[in-house]
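Peer 1: Before anything else, here's the structure in question.
In structure tokens:
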């Protein structure tokens with residue numbers, strides 16, 4: 056059961072460049088993300104999921120606003136704001152590059168695109184990280200411009216996505232490697248095309264660089280995909296959880312650090328350059344973490360509940376953590392979820408109690424993710 | 056006509072401490088504001104408006120998150136982030152104290168509360184100004200802690216609000232001056248009670264300091280107000296526009312500066328202390344502004360449209376600006392709105408054309424606000 060209410064479209068919140076298309080093609084529920092309306096349901100979460108697996112799907116993710124850093128000191132600043140060693144990133148390449156605070160807590164978890172040696176985008180999740188980067192930079196005297204450019208991503212997801220993208224943009228799409236991108240202009244529309252997205256299905260992300268042309272771009276893709284089972288969709292909770300992908304605000308928060316949520320691999324403490332949170336992360340690494348994010352499988356038949364907020368998790372009556380996102384996976388015929396709990400209990404196979412408003416549920420802790428291979 | 060869709064209650068977005076009460080008492084539409092659900096309609100915008108004028112109303116404004124600044128350098132930092140001269144503020148007093156960027160553009164437009172010489176709250180509109188203040192402070196070496204405390208405001212609005220507040224909290228409420236506040240504990244609930252709010256009606260704001268007690272506080276007030284025509288309400292577009300109050304995100308944006316939107320009075324360029332944007336504001340003051348926000352009255356009978364986004368405004372076919380918020384005022388029997396337009400056309404009495412999806416409307420520019428006196 057999803058608890059819902061009404062949302063009013065008003066000028067206080069921005070529309071995505073694809074807004075009219077999403078309404079035209081049947082968006083039935085919205086959230087607000089980075090001060091912008093974002094469709095989150097078309098036919099229903101499970102029908103949208105099936106549609107994707109049977110063809111190709113367009114996702115309006117215009118809410119992923121970019122922090123653009125340009126100028127002679129762009130590389131220095133980009134490095135200062137993320138624990139990843141961005142020297143490892145080539146022009147035309149993207150990296151998952153979280154932004155942390157001085158205590159190592161998450162400010163945001165963007166993907167970074169390196170457009171040139173002096174030009175970067177950080178493609179944001181839901182927080183005004185532009186304010187953070189501008190604030191931090193104000194004290195450092197870097198020679199770099201920091202702004203939110205007119206860039207609005209659209210994701211193309213599903214088994215037929217490569218065919219659709221090749222038809223529209225050319226055969227080079229077949230050779231585009233994962234987390235690589237290219238700048239192109241098509242039908243007068245400037246954009247950056249990357250192979251990446253918010254699932255482990257085959258997917259692409261188009262970074263539209265002219266907000267007035269969102270609906271034109273949508274229709275070009277729609278027209279070309281008519282015989283490929285094209286449907287409208289949205290970043291889908293089921294795909295996300297199956298793939299072990301985290302959502303900032305739902306599964307990880309400012310009070311979490313990368314070690315707690317399985318993102319150790321993107322911290323490079325050995326690099327020479329300083330970055331925000333380096334000292335704090337060194338100490339956390341030395342002392343060990345107190346909490347850990349795990350997967351869990353909830354016993355019983357298909358869940359009929361949807362959690363409106365994080366739910367308490369306990370073992371033998373003692374609270375040990377909280378359940379974050381949860382969903383029924385049709386592919387695995389399992390109820391799956393994320394739990395953050397005290398590290399001493401974060402053991403695969405352990406059984407915990409989840410306290411829902413409708414009663415307690417048993418869940419068994421498992422390693423993440425459920426889907427390990429990328430399509 | 057309001058265009059609406061569905062909103063799903065999910066753990067990615069926070070609930071206010073008053074959420075259950077607002078659902079219980081009939082909240083019928085929500086927005087998301089500072090990563091939190093916020094009710095914006097109960098019985099309907101006009102019925103909610105009438106209800107307030109006939110009694111007393113509770114508004115869940117828990118979304119007004121606080122930036123708390125504490126410590127030996129709290130005053131220095133508080134002064135650095137706002138153009139108002141905060142030396143004018145006494146302990147127990149509040150001031151409207153916008154946060155600007157280095158170009159003089161709006162980051163946020165909070166009300167500042169001075170709790171002690173080393174303790175301030177900035178009660179935010181909708182942007183992650185916490186990240187801005189923390190980022191800016193990181194380069195300055197101030198000895199101050201900056202955080203988001205467990206503080207969630209509730210507004211008590213309407214002609215019977217003084218009676219209700221006195222009944223519950225005591226006779227001292229009668230003597231509480233405008234923009235003054237006091238810290239109290241009532242029924243074990245810690246809070247700050249201020250005389251202020253988001254209208255020109257008689258109003259109070261309770262800054263609840265324990266998020267677990269929101270519904271308890273709501274019920275205490277409800278019980279005491281049963282014979283005072285108590286109703287649930289929300290920050291109301293009609294009251295707001297009548298009073299000339301601006302909404303950050305709707306009527307003013309990062310690209311606007313205080314001179315453009317009639318907030319010159321809160322800039323103190325003569326103060327000795329430096330603040331962010333001081334130099335930029337000095338230059339804007341010298342050179343004059345290019346755009347100006349005005350009120351406008353739209354001709355014809357009661358509007359049947361509601362603008363989903365800003366609308367183009369023109370004079371004799373030339374685009375001169377944009378209409379921001381618009382609403383029908385039952386009190387004045389007029390369609391009223393805000394327009395930001397090129398300063399050379401910002402002349403009282405001038406007639407402009409507003410381009411709506413349903414056709415053009417004529418509007419006459421007027422001085423703000425429509426309601427000048429505070430109740």
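Residue numbers (our numbering), protein chains in the order written: chain A, 56 to 430; chain B, 56 to 430.
Glycine is no exception: its CB is placed at the ideal position from the N, C-alpha and C atoms.
In whole angstroms, what is the alpha-carbon distance linking residue 86 (chain B) and residue 143 (chain B)?
Peer 2: Each residue's Cα considered, the two are about 35 Å apart.
Peer 1: Whose C-alpha, out of B:58, B:62, B:66, is nearest the C-alpha of residue 361 (chain A)?
Peer 2: When each option's Cα is compared against that of residue 361 (chain A), the closest is B:66.
Peer 1: Counting only runs that start and end within the region 201-243 of chain B, where is the beta strand (DSSP E) found for 3 or more residues in a row?
Peer 2: Entirely contained in the region 201-243 of chain B, the beta strand (DSSP E) runs reaching 3 residues are, in chain order, 207-212, 236-241.
Peer 1: Among A:152, A:357, A:298, A:209, which has the Cα closest to the Cα of residue 385 (chain A)?
Peer 2: Selected option, being the one with the closest Cα: A:357.
Peer 1: What are the boundary residues of the beta strand (DSSP E) that includes residue 191 (chain A)?
Peer 2: It is not in any beta strand (DSSP E) - residue 191 (chain A) instead sits in the alpha helix (DSSP H) that spans 184-193.
Peer 1: Starting from residue 176 (chain A), trace the beta strand (DSSP E) both ways and give me its first and last residue.
Peer 2: Start and end: 174-178.
Peer 1: Hey, how far is the Cα of residue 71 (chain A) from the Cα of residue 228 (chain B)?
Peer 2: Their Cα atoms are separated by approximately 46 Å.
Peer 1: Could you spell out the range, first to last residue, of the beta strand (DSSP E) harbouring residue 149 (chain B)?
Peer 2: Taken as a continuous stretch (DSSP letters only), the beta strand (DSSP E) holding residue 149 (chain B) covers 148-151.
Peer 1: Going by the CB atoms, is the gap between residue 111 (chain A) and residue 213 (chain A) shorter than 8 Å?
Peer 2: Yes. Within cutoff.
Peer 1: I believe residue 246 (chain A) touches residue 263 (chain A) by the beta-carbon criterion, under 8 Å. Please report the beta-carbon distance rounded to the nearest angstrom.
Peer 2: Contact holds; Cβ gap of about 5 Å.
Peer 1: Name the chain A residues whose beta carbon is nearer than 7 Å to that of residue 195 (chain B)?
Peer 2: What residue 195 (chain B) touches in chain A: 194.
Peer 1: Between the alpha carbons of residue 303 (chain B) and residue 117 (chain A), how many angstroms are there, rounded?
Peer 2: Near 21 Å, if we compare the C-alpha coordinates of residue 117 (chain A) and residue 303 (chain B).
Peer 1: Thinking residue 353 (chain B) and residue 376 (chain B) are a contact (beta carbons under 8 Å), I'd like their distance in whole angstroms, please.
Peer 2: With 8 Å as the limit, residue 353 (chain B) and residue 376 (chain B) do not qualify as a contact, their Cβ atoms being about 14 Å apart.
Peer 1: How about residue 85 (chain B): is its C-beta nearer than 8 Å to some C-beta of chain A?
Peer 2: Cβ-Cβ to chain A under 8 Å: yes for residue 85 (chain B).
Peer 1: With a cut-off of 8 Å, does the C-beta of residue 266 (chain B) fall near any C-beta of chain C?
Peer 2: Any reference to chain C falls outside this structure, whose protein chains are A and B.
Peer 1: Starting from the beta carbon of residue 364 (chain A), find every residue of chain B whose beta carbon is closer than 7 Å, and list them in chain order.
Peer 2: Going along chain B in sequence order, the residues near residue 364 (chain A) (Cβ under 7 Å) are 66, 70.
Peer 1: Quick one: complete alpha helix (DSSP H) runs, 4+ long, within the region 65-150 of chain A?
Peer 2: Counting only runs of 4 or more, we get 74-79, 100-108, 129-135.
Peer 1: Would DSSP call residue 398 (chain B) helix, strand or coil?
Peer 2: In the structure shown, residue 398 (chain B) sits in a helix (DSSP, three-state: H, G or I).
Peer 1: Please go through the same chain and pick out, in chain order, the residues whose beta-carbon is closer than 8 Å to the beta-carbon of residue 91 (chain A), but skip the five residues on each side of it.
Peer 2: Cβ within range, chain order: 68, 69, 70, 71, 117, 118, 120.
Peer 1: For the region 269-308 of chain A, list the alpha helix (DSSP H) runs that are entirely contained and at least 4 residues long, ordered along the chain.
Peer 2: 269-279, 292-297, all fully within the region 269-308 of chain A.
Peer 1: For residue 293 (chain A), count neighbouring Cβ atoms within 10 angstroms of its own Cβ and tell me buried if that reaches 16, exposed if not.
Peer 2: Under this definition residue 293 (chain A) is a buried residue.
Peer 1: Measure the C-alpha to C-alpha separation of residue 132 (chain B) and residue 331 (chain B) and round it to an integer number of angstroms.
Peer 2: One C-alpha to the other measures close to 10 Å.
Peer 1: Sort A:248, A:238, A:194 by Cα distance to residue 220 (chain A) and report the nearest one.
Peer 2: The shortest C-alpha separation from residue 220 (chain A) is found at A:248.
Peer 1: Suppose you measure from the CA of residue 130 (chain B) to the CA of residue 336 (chain B); what does that come to, to the nearest Å?
Peer 2: Going by the C-alpha atoms only, they are around 22 Å apart.
Peer 1: What residues from the region 167-185 of chain A come within 8 Å of chain B, judged by C-beta to C-beta, listed N to C?
Peer 2: Against chain B - using a Cβ distance shorter than 8 Å - the residues of the region 167-185 of chain A are 181, 182, 183, 184.
Peer 1: Using the rule of at least 16 other Cβ atoms within 10 Å of the residue's Cβ for burial, across every protein chain shown, is residue 58 (chain B) buried or exposed?
Peer 2: Classification for residue 58 (chain B): exposed.
Peer 1: Taking residue 383 (chain A) as the reference, which of A:180, A:77, A:101 has the closest Cα?
Peer 2: The option with the nearest alpha carbon to residue 383 (chain A) is A:101.
Peer 1: Please confirm if residue 307 (chain A) has its CB atom under 8 Å from at least one CB of chain B.
Peer 2: Closer than 8 Å: no.
Peer 1: Can we say the region 398-407 of chain A touches the region 262-278 of chain A, given the rule of at least three CB pairs closer than 8 Å?
Peer 2: Touching, no.
Peer 1: Distance cutoff 8 Å, beta carbons only. Does residue 333 (chain B) sit that close to anything in chain A?
Peer 2: No, residue 333 (chain B) does not count as interfacial toward chain A.
Peer 1: In the DSSP assignment, find the beta strand (DSSP E) that holds residue 374 (chain B) and state where it starts and stops.
Peer 2: It spans 373-384 - the beta strand (DSSP E) in which residue 374 (chain B) sits, taken as one unbroken run.
Peer 1: Three or more C-beta pairs closer than 8 Å, one from the region 305-320 of chain B and one from the region 280-290 of chain B: is that the case here?
Peer 2: The region 305-320 of chain B, when compared against the region 280-290 of chain B, does not touch it at the 8 Å Cβ threshold.
Peer 1: Which residues in the same chain as residue 134 (chain A) place their Cβ atom closer than 7 Å to its Cβ, once the five residues preceding and following it in sequence are excluded?
Peer 2: Contacts found: 141, 328, 330.
Peer 1: According to a CB-to-CB cut-off of less than 8 Å, which residues of the region 370-383 of chain B neighbour chain A?
Peer 2: Against chain A - using a Cβ distance shorter than 8 Å - the residues of the region 370-383 of chain B are 379, 380.
Peer 1: Going by DSSP, name the residue or residues bridged to residue 369 (chain A).
Peer 2: BP columns for residue 369 (chain A) point to A:374, A:408.
Peer 1: So, using beta-carbon positions, are residue 348 (chain A) and residue 316 (chain A) closer together than 8 Å?
Peer 2: A contact, by the Cβ cut-off of 8 Å.
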